[in-house]
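Chains as they are written, first to last, in the numbering used here: chain H, 13 to 269; chain X, 7 to 310.
Heads up: the structure comes next, in structure tokens.
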Amino acid sequence: MLLLFWWGVSEASDAYRSGQVSRESPSPVSESDMALGAVLMGSVGASMLLTALTVILCASVLPEEFETGRISLWAALPISRSRLYLGSTAASLACCLLLGVLLFGGIALVTSLYMSFRPESVAMALLGLVAWLGVVWAAVTTMSMLTGKIPAILITFGLAGLASFGGGFIQLGGLVPEVAESTVYRLAMGFRLFFPSDMALRGLLFGIMPAEGMVKEGMAFVGVSGRTPLWHPLYAALWAAAVTGLGILRFRRRDLP
Amino acid sequence: MIQIQGISKSFGRTQALDDVTLQVPAGSSMALLGRNGAGKTTLAKVVLGLVMPDSGTAAVGTVPVSDPASRREVRYLPENVVFHAWARPMQLFAQLERVRRSSTPRDFRERAAQLACDHLLNRPMGRMSRGQRQRIALSLCTCGSPGVLILDEPSSGLDPEGRVHLRSLIRELSAGGATLLLNSHLLGEVESVCRRAAFIREGRLVGEGVLDQLSRTRGEVEVSAARPAALSEALCAGGLDASAEEDSPTVTVRLGPGAPNLRQVTEAVLESGEDFDGISLRRENLEDIFMRMMKEDGSVSQHP
Chain H
13 MLLLFWWGVS EASDAYRSGQ VSRESPSPVS ESDMALGAVL MGSVGASMLL TALTVILCAS
73 VLPEEFETGR ISLWAALPIS RSRLYLGSTA ASLACCLLLG VLLFGGIALV TSLYMSFRPE
133 SVAMALLGLV AWLGVVWAAV TTMSMLTGKI PAILITFGLA GLASFGGGFI QLGGLVPEVA
193 ESTVYRLAMG FRLFFPSDMA LRGLLFGIMP AEGMVKEGMA FVGVSGRTPL WHPLYAALWA
253 AAVTGLGILR FRRRDLP
Chain X
7 MIQIQGISKS FGRTQALDDV TLQVPAGSSM ALLGRNGAGK TTLAKVVLGL VMPDSGTAAV
67 GTVPVSDPAS RREVRYLPEN VVFHAWARPM QLFAQLERVR RSSTPRDFRE RAAQLACDHL
127 LNRPMGRMSR GQRQRIALSL CTCGSPGVLI LDEPSSGLDP EGRVHLRSLI RELSAGGATL
187 LLNSHLLGEV ESVCRRAAFI REGRLVGEGV LDQLSRTRGE VEVSAARPAA LSEALCAGGL
247 DASAEEDSPT VTVRLGPGAP NLRQVTEAVL ESGEDFDGIS LRRENLEDIF MRMMKEDGSV
307 SQHP
């Protein structure tokens, strides 16, 4: 995937530099806007892949431990339920984070060979990645304990999809005042606080965006702005921590098979 | 010592445990016996802190089971645990020891050798038979010097040789001072390794104590004779209710008005003039005690 991405970006960059893409085209774009587009296209695929992987992988961990009776074997050891919960489920989050660093890091790296990035945004990108996957992981892990594997997968996919749609709508509302006055916009604003995966994902995308990326109205439809406030990924990270806390609380009180 | 005080637990409308009070003295071996679904496993899980009771308290030593420290000395073998197919026994041992820190790889290898499964230590669990996996699980559970052992159907899947190894292992651990709580339906196995038993019926403790003291006489005297048929005839002629068992040197005499106790049966046997090797009151075996406990009504019978 990264190789294909690298090929696409290099071809586009060469075409631009060789004049095949005119600066005087009807809709003039800067070099960094092209990078933004490249990041976007790569990121959409990467984020979908990573969301699916995180949801499916993390939804399986606890139900499988319960089904096989392994959880009782571990719970009978002298460790607290909190440690057991985190020990059983954190490995799957770590795997997804590693893959996230490889995918998004790769996208940023390949793009940076041709277009400039804000180096100071690396921290935002990392925070966004951790918060985004943390939200998905916390939600699906806790849900899997309450509902079982398949309902947890379906519900989390549904929530992530709605969050993504709502995020795009909010971006559009930032550019088009009529949209910002609609009920759907207000619902989307509320929903992003209820399930903030998209807020964190935008933090990640903002982190790996080129320095001078301009946002056009059209871009808002795919849901990326040139700015993401720091509190968005921070809120998402806190949300993930709070839901994990609720999961631990439930796990501590439940009977094990 | 394991102390269980007034434990009740229900799952929905099902009362799994009803006011169970039980003590397992330190260093003793106790079997939990009862029908399927009686509440034995639930009780064991309460002791392990896996199941939260609705009421009552449980402690290992003086530490309540809600405290993870209560499990510092405890080893648990669940029934039918399924390990990852790719996991190898040495990896599993390393994972467990990262938490319990109470035995060495050498202890594990020695225990595996005792259970004749040391050649499997680097083989993935998915490539073992059920019995082999059970031997590995037992080795993982019992390696080193565990203080308290809670074994749920430990002989499940084991071949006869494996069961012999298991019995010898349990006796060795008990002799070493380990406290044992055994959940098994194989009464022969229980009888050979446990001194005490607790009987649970529909969530209630209906009997508990030392097996020898729980055993009642069955109202029969067993006489081992050289000529059982002749002895039986002679005793019947004397008014006793006797019968010779087929293909066995044993004559069974039922106690009754003609011979109400062992002494009078002995006198009648002596008077018959027949040779005999031994004479004894027939007592209940564990199966008899189990069947009685499952039928009897009333309060807990205790035999300390």
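Every residue gets a Cβ at the ideal spot worked out from N, C-alpha and C, and that includes glycine.
Counting C-beta atoms within 10 angstroms of its own C-beta, residue 241 of chain H has fewer than 16 neighbours from the protein chains shown and is therefore classed as exposed. Nearest Cα to residue 89 of chain H within the set X:63, X:73, X:132, X:285: X:73. For residue 86 of chain X, the nearest CB of chain H lies under 8 Å from its own CB, placing it at the interface with that chain. The Cβ of residue 254 of chain H sits no closer than 8 Å to any Cβ of chain X. Nearest CB-CB separation between residue 186 of chain X and chain H: not below the 8 Å threshold. For residue 247 of chain X, the three-state secondary structure derived from DSSP is strand. By the neighbour-count definition (other C-beta atoms within 10 Å, threshold 16), residue 141 of chain X is a buried residue. Using beta-carbon distances, residue 210 of chain H does not count as an interface residue toward chain X, since no partner is under 8 Å.
Taking 8 Å as the CB threshold, residue 114 of chain X stays off the interface with chain H. Per DSSP, residue 142 of chain X is one residue of the alpha helix (DSSP H) stretching across 136 to 148.
C-alpha of residue 252 of chain H to C-alpha of residue 183 of chain H: approximately 23 Å in a straight line. Scanning its chain for C-beta atoms nearer than 8 Å, with the 5 sequence neighbours on each side dropped, one finds around residue 283 of chain X the residues 230, 231, 232, 255, in chain order.
DSSP, read as helix, strand or coil, puts residue 240 of chain H in coil. In this model, residue 122 of chain X and residue 152 of chain X are separated by some 20 Å (Cα to Cα). The C-beta of residue 210 of chain H has 16 or more other C-beta atoms within 10 Å across all chains shown, which makes the residue buried. Here the C-alpha atom of residue 245 of chain H lies approximately 55 Å from the C-alpha atom of residue 179 of chain X. The beta carbon of residue 87 of chain H falls within 8 Å of a beta carbon belonging to chain X, placing the residue at that interface.
When DSSP states are grouped into helix, strand and coil, residue 92 of chain H belongs to the coil group. Annotation for residue 196 of chain X: 37, 39, 188, 190, 203, 292 place their beta carbon closer than 8 Å to its own, counting only its chain and skipping 5 residues before and after. Look at residue 123 of chain H here: in three-state DSSP terms it is helix.
Residue 103 of chain H carries a helical assignment under DSSP once its states are collapsed to helix, strand and coil.
A straight line joining the alpha-carbon of residue 85 of chain X with that of residue 228 of chain X spans about 39 Å.
Not a single C-beta of chain X is nearer than 8 Å to the C-beta of residue 214 of chain H. By the rule that beta-carbons nearer than 8 Å mark a contact, residue 80 of chain X touches chain H. Under a criterion of Cβ atoms nearer than 8 Å, the residues of chain H adjacent to residue 106 of chain X are, in order, 89, 90. By the beta-carbon neighbour count (other beta carbons within 10 angstroms, threshold 16), residue 162 of chain H is exposed. Counting the other Cβ atoms within 10 Å of the Cβ of residue 297 of chain X gives fewer than 16, which makes it exposed. When the Cα atoms are used, residue 66 of chain X and residue 8 of chain X turn out to be separated by approximately 5 Å. By the CB criterion at 8 Å, residue 83 of chain X and residue 158 of chain X fall inside the cutoff.
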